[in-house]
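Numbering of the sequence shown is given in UniProt numbering, commencing with residue 1 and proceeding in unit increments. Following: one structure in structure tokens, then a few remarks.
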Amino acid sequence: MAGFGAAHAAQAAGAPRPVMYDMHDYVGGHTASHEFPGGWVFDEGPHVSFTDDGRIKDLLAANIGGKYESTPTRINNYWRGHWIKHPAQVNLYGLPTDLVTKIMLEFVEVAQRTETPPIRNYEDWLRASYGKTFSETFPMEYTWKYHTTTASNLSTEWIGPRMYRPKLDEVFRGALEPSTANVNYNSGFRYPSRGGFVSYLEPFKKMADIKLGHKVVRMDPKARLLHFKNGAAASYDALISSIPLPELIPMIEGVPRDVLEAAERLACSEAVIVNLGIDREDLIDAHWTYFYDRDIFFSRLSTPHLQSPHNVPPGCGSLQAECYFSKKYRPLDRRPEDCIEPVIAGLRQCGILREDDRILYRGAMHIPYANVIFDLEATSCTAAVHGFLDDIGIAYCGRYGDWAYLWTDQSFVSGEKALNKALSRTSRRLSLGEDHAAIQA
Numbered sequence: 001m002a003g004f005g006a007a008h009a010a011q012a013a014g015a016p017r018p019v020m021y022d023m024h025d026y027v028g029g030h031t032a033s034h035e036f037p038g039g040w041v042f043d044e045g046p047h048v049s050f051t052d053d054g055r056i057k058d059l060l061a062a063n064i065g066g067k068y069e070s071t072p073t074r075i076n077n078y079w080r081g082h083w084i085k086h087p088a089q090v091n092l093y094g095l096p097t098d099l100v101t102k103i104m105l106e107f108v109e110v111a112q113r114t115e116t117p118p119i120r121n122y123e124d125w126l127r128a129s130y131g132k133t134f135s136e137t138f139p140m141e142y143t144w145k146y147h148t149t150t151a152s153n154l155s156t157e158w159i160g161p162r163m164y165r166p167k168l169d170e171v172f173r174g175a176l177e178p179s180t181a182n183v184n185y186n187s188g189f190r191y192p193s194r195g196g197f198v199s200y201l202e203p204f205k206k207m208a209d210i211k212l213g214h215k216v217v218r219m220d221p222k223a224r225l226l227h228f229k230n231g232a233a234a235s236y237d238a239l240i241s242s243i244p245l246p247e248l249i250p251m252i253e254g255v256p257r258d259v260l261e262a263a264e265r266l267a268c269s270e271a272v273i274v275n276l277g278i279d280r281e282d283l284i285d286a287h288w289t290y291f292y293d294r295d296i297f298f299s300r301l302s303t304p305h306l307q308s309p310h311n312v313p314p315g316c317g318s319l320q321a322e323c324y325f326s327k328k329y330r331p332l333d334r335r336p337e338d339c340i341e342p343v344i345a346g347l348r349q350c351g352i353l354r355e356d357d358r359i360l361y362r363g364a365m366h367i368p369y370a371n372v373i374f375d376l377e378a379t380s381c382t383a384a385v386h387g388f389l390d391d392i393g394i395a396y397c398g399r400y401g402d403w404a405y406l407w408t409d410q411s412f413v414s415g416e417k418a419l420n421k422a423l424s425r426t427s428r429r430l431s432l433g434e435d436h437a438a439i440q441a
């Protein structure tokens, strides 16, 4: 998304047609979609468009000729046999009475506080926002599963609208009534009718000279040269990168030791995505579900067939389970395909899969970079790396270039901003009399 955002901005600016290098033999990056034999379409994790940016919304809709599914979002949670509407903090109805009582009393304490306690990390923020019991039972457990580390080891800069802070009356109403208003930040989304999420990107491919199968292995910023694993080399005038920072920095010649060490300390989760195709549609009535129990192998579950019926053969359903690891905190200790059976066992444990269900498709994808982990080192390390890239004239973009918790629309815009930054730098260089080559991204 970020790379195509840069290509789109280049065309809008009347800049030379950029060259885009991709290590894969397909386009899309993290927003790629894959079709498997039998008519099963799976994205690399759940990707939907719920942007409020009217420009991006119109652009993506036009890219697929207006052929998209528009769906009110349904999200729920699973905890110890209970299905809880999302977000759980305002949907406590039906949970054990003693638990709900403790949570509500602590929410009252939080509301009556006259001073906010010191917030040093995400755990402090949770306790100050929701009280001890809710925090420890739900978000702190999910943090361990999803971010692979503890809430006390995370900063708060990534939160944004992701964690809803309810009013006291919302907590009480959600504990007393089974039906509540939808207060989630994502109330509805669009998804292409056919071809998966990557269909949104199809027209952008015409805006650049795309070279697939080109994995960068070395960069010389002084000579402005790229070297690829396949033996090819290319010069550039302006360079935009969405390569993950821990991968990018060691490629660059002449990197100071402190910058290398900062890049090494950046943490990102890796995911094993387990995809299942089932012989029935009525699996679960939610687009995605959060799982808090540690004995459930996966952290989140989505339903591609509810995003578009054309993601599956007629009469079938599909499930996509996310299992998270990280090199820094929870190394992947098995082959991706070895995650399939534990996922199936968890789905049967919580009743989504029946014993007599026929699994028509099963597969696993390994995603080396999934979610940035905003641990307590992330801010200073990111600043050191970005400062170095600014100094040598490499513009960065996307979730793993900006090293930020970006949604797809935000990634696209980050690519546009990176292109404008690169053009501005190139213009300054030209004003000093340097030669002008083609812009390559």
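Ideal placement from N, C-alpha and C gives every residue a C-beta, glycine not left out.
For the 9 Å CB-CB criterion, Val372 and Leu260 do not form a contact. Residue state for Ala88 is assigned as helix, using DSSP reduced to three classes. When DSSP reads this structure, Lys211 sits in a beta bridge with Tyr21.
Counting only residues of its own chain and dropping the five nearest sequence neighbours on each side, Gly174 has a CB closer than 7 Å to the CB of Val90, Asn91, Leu92, Tyr93, Thr180. When Cβ pairs closer than 8 Å are counted between the two stretches, the segment 151-158 is seen not to touch the segment 47-58, the count staying below three.
Taking C-beta atoms as the reference points, Tyr78 and Tyr290 count as a pair closer than 9 Å. Less than 9 Å separates the beta-carbon of Arg362 from that of Gly277. For Phe36, the enclosing beta strand (DSSP E) stretches over residues 33-36.
One Cα belongs to Ala6, the other to Asn420, and the distance between them is close to 8 Å. Between Phe134 and Phe107, the gap from beta carbon to beta carbon is short of 9 Å.
In the three-state scheme derived from DSSP, where H, G and I count as helix and E and B as strand, Ser242 is classed as coil. In the displayed model, Val48 falls within coil according to three-state DSSP, outside both helix and strand. A Cβ-Cβ distance of about 18 Å is found for the pair Ser129 and Val100, leaving them out of contact under the 8 Å criterion. Relative to the Cα of Asp220, the nearest Cα in the group Ser427, Thr31, Leu389, Cys339 belongs to Leu389. The three-state reading of DSSP puts Trp79 in strand, counting E and B together.
If one requires a minimum length of 4 residues, the alpha helix (DSSP H) runs lying completely within the segment 363-394 are 378-392, in chain order. Secondary structure at Tyr93: coil, using DSSP grouped into helix, strand and coil. In this model, Gly188 and Thr71 are separated by some 6 Å (Cα to Cα).
As DSSP reads the structure, Val274 sits in a beta bridge with Ala321, Ala364. With a threshold of 16 other beta carbon atoms within 10 Å, Asn275 meets it and is buried. When secondary structure is reduced to three states using DSSP, Trp144 falls in the helix class. Beyond the five residues adjoining it in sequence on each side, Leu60 comes within less than 7 Å, by CB distance, of Ser49, Tyr200 in the same chain, given in chain order.
Taking C-beta atoms as the reference points, Thr382 and Ala262 count as a pair closer than 9 Å.
Annotation: the segment 293-342 contains the following complete segments of the alpha helix (DSSP H) (minimum length 4 residues), in chain order: 304-307.
For Tyr122, no beta strand (DSSP E) run applies; the uninterrupted alpha helix (DSSP H) run containing it begins and ends at 122-130, by DSSP.
The beta carbon of Glu170 lies closer than 6 Å to those of Val90 in the same chain, with the five residues before and after it left out.
Counting other Cβ atoms within 10 Å of its Cβ, Glu44 reaches 16 or more and is therefore classed as buried. Only buried fits Glu270, as 16 or more other CB atoms lie within 10 angstroms of its CB.
For Phe4, same chain residues with a beta-carbon under 6 Å away, outside a window of 5 residues either side, are Leu201, Phe204 in chain order.
The criterion of a C-beta distance shorter than 9 Å is satisfied by Lys328 and Thr148.
For Gly188, the enclosing beta strand (DSSP E) has its first and last residue at 188-192. Judged by beta-carbon spacing, Met23 lies within the 9 Å limit of His214, meaning their Cβ atoms are closer than that value. Cβ-Cβ distances below 7 Å link Arg80 to Asp293 in the same chain, with the five nearest sequence neighbours on each side left out; the list follows chain order. Residues Tyr164 of the same chain have their beta carbon placed closer than 6 Å to that of Pro87, with the five preceding and five following residues left out of the count.
Straight across, the Cα-Cα distance linking Asp402 with Thr379 is about 11 Å. Taking the Cα of Val413 as reference, the smallest distance to any Cα among Leu283, Pro246, Ser242 is reached at Ser242.
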